[in-house]
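Participant: Residue numbers (our numbering): 1337 to 1497. We treat Cβ as the ideally placed atom computed from N, Cα and C, and that holds for glycine.
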């Protein structure tokens, strides 16, 4: 008669597979534990030679503020109305600004605001046309940034970027 096979943990295939996995788990714990206790490397500060100094002029920062305008309060009211998607109030407020008396910068800003009103109303084509009309060579950096940023936003939503 043949002896019946016995299935104890050290002799079975599963038991033999558990031993290397346990060793691997212990090795990983020791490795990660060692890494977490290690010191971070220290940086060596390099001093420039005494004869060399930075002679480059300091970089000028570019201000994105809009220039002063006598119509700033009305422009801010239009911006506030557009922030709540109230294009009718924004349009009515913008129409109260006399376009014949404004500077070129204020005219470009008003055209930019008209483009935002057109976009809020859902007229993408008119908004892009107005942004193109507002883009001028003499615009301040702040206004040029606002126009470019809004154009990028519109084109990004349309999938054109």
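1) Could you have a look at residue 1414 and say whether DSSP puts it in helix, strand or coil?
2) So residue 1292 and residue 1441 are in contact, right, with Cβ under 8 Å, and what is the actual spacing, rounded?
3) Over what stretch of residues does the alpha helix (DSSP H) that includes residue 1480 continue unbroken?
4) Relative to the C-alpha of residue 1415, which candidate in 1450, 1470 and 1364 has its C-alpha closest?
5) Identify the continuous alpha helix (DSSP H) that holds residue 1443 and give its terminal residues.
6) Buried or exposed for residue 1489, going by 16 or more other Cβ atoms inside 10 Å?
7) Can you give me the C-alpha to C-alpha distance between residue 1510 and residue 1428, rounded to a whole angstrom?
8) Taking Cβ positions, are residue 1418 and residue 1453 nearer each other than 8 Å?
9) Alpha carbons only, please: which of 1494, 1446 and 1426 is nearest the one belonging to residue 1475?
10) Let me know the secondary structure DSSP gives residue 1471 once reduced to three states.
11) Between which two residues does the alpha helix (DSSP H) containing residue 1428 stretch?
12) DSSP three-state label for residue 1379, please.
13) In whole angstroms, what is the alpha-carbon distance linking residue 1477 and residue 1458?
14) Mind reading off the beta-carbon distance from residue 1444 to residue 1472? Whole number of angstroms is fine, and I expect it under 8 Å.
Facilitator: Result, derived from the coordinates:
1) In the chain shown, counting from the first residue as 1, residue 1414 sits at position 78. In the structure shown, residue 1414 sits in a helix (DSSP, three-state: H, G or I).
2) Limits of the chain in this structure are 1337 at one end and 1497 at the other, which puts residue 1292 out of reach.
3) Numbered from 1 along the chain shown, position 144 holds the residue referred to as residue 1480. Note, residue 1480: alpha helix (DSSP H), 1477 to 1494.
4) Here residue 1415 refers to the residue found at position 79 of the chain shown. It is 1450.
5) Locating residue 1443 in the chain shown gives position 107, where the first residue counts as 1. From DSSP, the alpha helix (DSSP H) with residue 1443 extends over 1440 to 1457.
6) Here residue 1489 refers to the residue found at position 153 of the chain shown. The residue is exposed, with fewer than 16 neighbouring Cβ atoms inside 10 Å.
7) Nothing can be reported for residue 1510: it is not among the residues displayed for the chain, which extend from 1337 to 1497.
8) The count along the chain shown starts at 1 and reaches residue 1418 at position 82. The count along the chain shown starts at 1 and reaches residue 1453 at position 117. The answer is yes: Cβ separation under 8 Å.
9) For the purposes of this step, residue 1475 is taken as the residue at position 139 of the chain shown. Closest option to residue 1475, Cα to Cα, is 1446.
10) In the chain shown, residue 1471 corresponds to position 135, counting from 1. It is coil, neither helix nor strand.
11) As a working mapping, residue 1428 is identified with position 92 in the chain shown. Annotation: the continuous alpha helix (DSSP H) that includes residue 1428 extends over 1423 to 1431.
12) One-based indexing of the chain shown puts residue 1379 at position 43. DSSP places residue 1379 outside both helix and strand once states are collapsed to three, so it counts as coil.
13) For the purposes of this step, residue 1477 is taken as the residue at position 141 of the chain shown. For the purposes of this step, residue 1458 is taken as the residue at position 122 of the chain shown. Distance between the alpha carbons of residue 1477 and residue 1458: 27 Å.
14) Taking the chain shown and counting its residues from 1, the one referred to as residue 1444 is at position 108. Taking the chain shown and counting its residues from 1, the one referred to as residue 1472 is at position 136. Right, their Cβ atoms sit about 5 Å apart.
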